[in-house]
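**Q**
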Amino acid sequence: MQNSSVVKVERVTKRFAGHTAVDELTMEVPAGGIFGLLGPNGAGKSTTIRMIMNIITPDEGRIAVLGKESASRELSERIGFLPEERGLYKKMKVLDMLTFLGETKGIRRSLARTKAGGWLERLGLADWKSKKVEDLSKGMQQKVQFIGALLHDPELLIMDEPFAGLDPVNSQVMKDVVVEAARQGRTVLFSTHIMEQAERMCDHIVIISRGRTVVDGPLGEVKRQFGGRHVALTFTRNKDRAARVLADPGLIGKVDDYGASAEVELAPTGDADRLLRALIQEDVGLARFEIVEPSLQSIFIAKVGPEAAVAPAHEVVHA
Amino acid sequence: MRKIWAIIRREVVERVRTRTFILSTLLFPLLMGVLVVLPGFLISRSLGTKAIALVDATSDDLGQQIETAMQAARIGKGPDAIPKYSVQRFRAEGRADQVRDSLVPFTGLSRKSAGGWSGILVVSDSTIPTGRAAYYGVNVASFDDMRELEQTMRPIVIAKRLQGIGVDLATVMKSVQGIDLSTTKVSSGRLTGESGASTFVLAYAMGFILYFALLIFGSQVMTSIIEEKTSRIVEVLASSLTPFQMMLGKVTGVGIVALIQLGIWAGIAAYLGSHQGQIMQAFGVEDGGGRLFSLPAMPIDLMVVFFLFFSLGFLLYAAAYAAVGAMCSTVQDAQQMQMPVMLFVLAGFLSNFALMRDPNSSLAQVLTFVPMLTPFVVPLRYSISPLAPLELLASVGVTVLGMLLIVWVASRIYRVGILSYGKKATLRDMVRWIRTA
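Chains as they are written, first to last, in numbering that gives the first Met the number 0: chain C, 0 to 318; chain V, 0 to 436.
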């Protein structure tokens, strides 16, 4: 297998006792850049990532990481992994903990210690390196976990919901770290269900729902495919009249209503000029009328909205 | 290999650093020390001299002789041994009951008040033919006190009887002299200098150490796996190590900690054993009834056999405990689930008592080939009478195979178990996990 894809998932299926978590999923992560694995809760994101990390094995299909099949452990020196379920040894000192994590990836103890020290310095935790993990705040522990995934300078960084549970400040710090890693030529694969984040960071996205791919492509391309038919609106008065206009099925396909503003997708029979005319006629005090690229959020909801509602509550691992 | 080493190092360093480890390492020898010193201490100090009122209803000198014998009795040996009894004799020929009743009110009171007897001993003329005497006291429930009193009186009563029928006491004493078998163990055609008793102590000690180490350190393996599951650290580790490597590292690490702790204890025990006399003296305790415990010398070949089977047994049971830990999400669940494993440990330990009686019985020979039990059975048998080389080799082989099988099964359970949270696994789950590719 030789091509530029860093992770290659081919027709992979994984079934658990009650249900099929991943269903003939195929995706390729190109080298370099940030790759977003998106989907609602229970879509199979964590299961997919666990299979990529070879923590669990697929029932069917093949997975290759860095050109090798089911060998992610031998390659652990080149891969950084941040699991969804964060975990550290609470009684260990921070620096010892990170050194240990580095060692388990396969790098030398002394090197792991130096690198860990550098990262702690960089993320403002230098004063805490001799403290026990349990003495750290939750946010600091998250940072430590983050360092654990990064400190051996992996060329591939796989992170499961890396920004979940972070406060805005820490979230920003982590985002910068991830973006910088990508800028240095590393490949980042991360999963999330927070679309704003993905929209700002990702070069390439895959949206999965109920174990299947529903959208796959570079972010720009995906948006273009959905683009041209979306209009962003803001009204200043007569919202009820505006709502009546937006309720016309011959004109409007879908409405994402935020009250004073809305993002709409035109119906196949409708066009933007007609919509503008209708709104002016109804005197809604138009403050904004913009033909926009759809937000990832609206693409996401358009694609998985109806299905997400009935998706299984949460992924549970039991083989 | 570097990864496994990292796991082992972490297990050892983090464990040895804990307060629990340091405390238990130091407190256990302290307890041993107390056990060495305390009995002697108790015998010579807390018992003290007992005040006894002797009601003498005899018409001859029996009462007087008993009084003399009791006054001569000492606690411990040496020049400054204190007397066992302080006796006051009341002549009461024909009115023993009245005298006794007059003494009872003063019995059991504090020694400082008038009288203050621990008890009243009544002897009469009928004591010689019937062997009966009466004792009324506060300490009648003390088996040892009563036995000592009887032993003090017995030779006098016997001598009196013999005298009555005209037999010389010295002649009788000479003719009833018993046999004292002095035992020395022969091993591989050589005298070892060990007595039978010390061989027994050694055999018992080996079984106990293994039993103790398996229960303590086995459950440490189990609980630490549950902690790793609870803290979700397993997932990070599972991404860079195979579950088998994780289990191997953990079991080896805990095993090394066990050896460190047992080594420290053995060293301290050896020191205490060989310096027992000085230690007792330092505490001002007379070396009463000889050494309270003595450490038999352990021959090199037995040491090798013990260490080999200890290691195999530890790996086998620690792997089983690891599997139990992987199957559970809470320590409470694990406490139940570990029962089958504990039963084997217990069976192994208890089998030692049966085998000590006859280490070459057919039962012993069968158990020599049961992998879960060999770690207990073989060192015991070897310590008493060495096994044929072929039998020993076969037993090692069977144990290694059994160990590998259990480690294999355990690692398959572990592999799935560590990533499944929530309810504890059932037997069906377990079988399914083992069979999953």
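For every residue, glycine included, the Cβ atom is placed at its ideal position computed from N, Cα and C. Since we're looking at a predicted model, the values are computed, not measured.
Just the chain C side, please: which residues come within less than 7 angstroms of residue 240 of chain V by C-beta, in chain order?
**A** Chain C residues near residue 240 of chain V: 72, 103.
**Q** Would you check if there are 3 or more beta carbon pairs closer than 8 angstroms linking the stretch 17-25 of chain C to the stretch 203-215 of chain C?
**A** The stretch 17-25 of chain C, when compared against the stretch 203-215 of chain C, does touch it at the 8 angstroms Cβ threshold.
**Q** Quick check on DSSP: helix, strand or coil for residue 279 of chain C?
**A** Looking at residue 279 of chain C - three-state DSSP - the assignment turns out to be helix.
**Q** By a C-beta neighbour count over all protein chains shown, 10 Å radius and 16 as the cutoff for buried, is residue 407 of chain V buried or exposed?
**A** Counting Cβ neighbours within 10 Å, residue 407 of chain V comes out exposed, since fewer than 16 surround it.
**Q** Could you spell out the range, first to last residue, of the beta strand (DSSP E) harbouring residue 123 of chain V?
**A** Counting along the chain, the beta strand (DSSP E) containing residue 123 of chain V begins and ends at 118-123.
**Q** Of all the CB atoms in chain C, is at least one closer than 8 angstroms to the CB of residue 237 of chain V?
**A** Judged by the 8 angstroms Cβ criterion, residue 237 of chain V is in contact with chain C.
**Q** With DSSP as the reference, label residue 106 of chain V as helix, strand or coil.
**A** Residue 106 of chain V: strand per DSSP, three-state reduction.
**Q** Would you say residue 232 of chain V reaches chain C, if we count a Cβ-Cβ gap shorter than 8 angstroms as a contact?
**A** Closer than 8 angstroms to some Cβ of chain C, the Cβ of residue 232 of chain V qualifies, so yes.
**Q** Considering only the beta carbon of each residue, do residue 87 of chain V and residue 52 of chain V sit closer than 8 angstroms?
**A** For residue 87 of chain V and residue 52 of chain V, yes; Cβs fall inside 8 angstroms.
**Q** Exposed or buried, which one is residue 387 of chain V when buried takes at least 16 other CB atoms within 10 Å?
**A** Residue 387 of chain V is exposed by the Cβ-count criterion.
**Q** Hey, which unbroken runs of the alpha helix (DSSP H) at 4 residues or more fall wholly within the stretch 301-373 of chain V?
**A** Entirely contained in the stretch 301-373 of chain V, the alpha helix (DSSP H) runs reaching 4 residues are, in chain order, 330-336, 338-356, 361-366.
**Q** Name the residue from V/118, V/115, V/157 whose alpha carbon lies nearest to the alpha carbon of residue 129 of chain V.
**A** Nearest option by C-alpha distance: V/157.
**Q** Go through its chain and collect everything with a Cβ distance to residue 289 of chain V's Cβ below 8 angstroms, but skip five positions before and after it.
**A** Bear in mind that the predicted position of residue 289 of chain V carries a pLDDT of just 45, short of 50, making it too unreliable to give a figure here.
**Q** Give me, in chain order, the residues of the same chain whose beta-carbon lies closer than 8 angstroms to that of residue 238 of chain C; leave out the 5 immediate sequence neighbours on both sides.
**A** Hits under 8 angstroms: 258, 259, 283.
**Q** Pull up the CB-CB distance for residue 81 of chain V and residue 249 of chain V, whole angstroms please, since I reckon it's below 8 angstroms.
**A** Incorrect: roughly 57 angstroms between the Cβ atoms, too far for contact.
**Q** How about residue 246 of chain V and residue 413 of chain V: are their beta carbons less than 8 angstroms apart?
**A** Their beta carbons are under 8 angstroms apart, which means residue 246 of chain V touches residue 413 of chain V by this criterion.
**Q** When you compare only the Cα positions, how much space is there between residue 343 of chain C and residue 173 of chain C?
**A** Outside the displayed range of chain C (0 to 318) lies residue 343 of chain C, so it cannot be described from this structure.
**Q** Using a Cβ-Cβ cut-off of 8 angstroms, state whether residue 5 of chain V counts as contacting chain C.
**A** Output row for residue 5 of chain V: interface = yes.
**Q** With distances taken from CA atoms, which of V/1, V/32, V/20, V/19 is nearest residue 270 of chain V?
**A** If we check each option's Cα against that of residue 270 of chain V, V/32 comes out closest.
**Q** Opposite residue 255 of chain C in the DSSP bridges: which residues?
**A** Its beta-bridge partners are C/262.
**Q** In the DSSP assignment, the beta strand (DSSP E) including residue 55 of chain V goes from what residue to what residue?
**A** First-last of the beta strand (DSSP E) with residue 55 of chain V: 49-56.
**Q** Closest to residue 98 of chain V by C-alpha separation, out of V/107, V/117, V/121, V/318, would be which residue?
**A** Among V/107, V/117, V/121, V/318, the Cα nearest to that of residue 98 of chain V belongs to V/121.
**Q** Can you have a look at residue 273 of chain V and say buried or exposed, based on whether 16 or more other CB atoms are within 10 angstroms of its CB?
**A** Classification for residue 273 of chain V: exposed.
**Q** Considering Cα atoms alone, identify which of V/377, V/313, V/307 is closest to residue 254 of chain V.
**A** Among V/377, V/313, V/307, the Cα nearest to that of residue 254 of chain V is on V/313.
**Q** Give me the Cα-Cα distance between residue 330 of chain V and residue 233 of chain V, rounded to the nearest whole angstrom.
**A** Near 17 angstroms, if we compare the C-alpha coordinates of residue 233 of chain V and residue 330 of chain V.
**Q** Could you check the C-alpha separation between residue 37 of chain V and residue 30 of chain V for me, to the nearest Å?
**A** Straight-line Cα distance between these residues: approximately 10 angstroms.
**Q** Counting only beta-carbon atoms, is residue 249 of chain V nearer than 8 angstroms to chain C?
**A** Closer than 8 angstroms: no.
**Q** Specify the secondary structure class of residue 60 of chain C as computed by DSSP and reduced to three states.
**A** Strand.
**Q** To be precise: take each residue of the stretch 138-153 of chain C, compare its Cβ to all Cβ atoms of chain V, and keep it if any distance is under 9 angstroms. Which residues remain?
**A** Residues 144, 147, 148.
**Q** For residue 42 of chain C, which option in C/206, C/117, C/285 has the closest C-alpha, if you only look at C-alpha atoms?
**A** Selected option, being the one with the closest Cα: C/206.
**Q** Just to make sure I have the definition right: I need the residues of chain V whose C-beta is within less than 8 angstroms of the C-beta of residue 86 of chain C. Which are they?
**A** Within chain V, the residues near residue 86 of chain C are 227, 230, 231, 232, 233, 234, 235.
**Q** Would you tell me roughly how many angstroms separate the C-alpha atoms of residue 107 of chain V and residue 49 of chain V, rounded to the nearest one?
**A** In a straight line, the C-alpha of residue 107 of chain V is about 11 angstroms away from that of residue 49 of chain V.
**Q** Does the contact criterion of 3 or more C-beta pairs under 8 angstroms hold for the stretch 76-93 of chain C versus the stretch 145-163 of chain C?
**A** Yes, since at least three Cβ pairs between the stretch 76-93 of chain C and the stretch 145-163 of chain C fall closer than 8 angstroms, the two stretches touch.
**Q** At least one CB of chain C closer than 8 angstroms to the CB of residue 9 of chain V: is that the case?
**A** Closer than 8 angstroms: yes.
**Q** Could you confirm whether any beta carbon from chain V is found closer than 8 angstroms to the beta carbon of residue 67 of chain C?
**A** False, the Cβ-Cβ gap to chain V never drops below 8 angstroms.
**Q** Nearest chain V C-beta to residue 91 of chain C closer than 8 angstroms, yes or no?
**A** Residue 91 of chain C counts as touching chain V.
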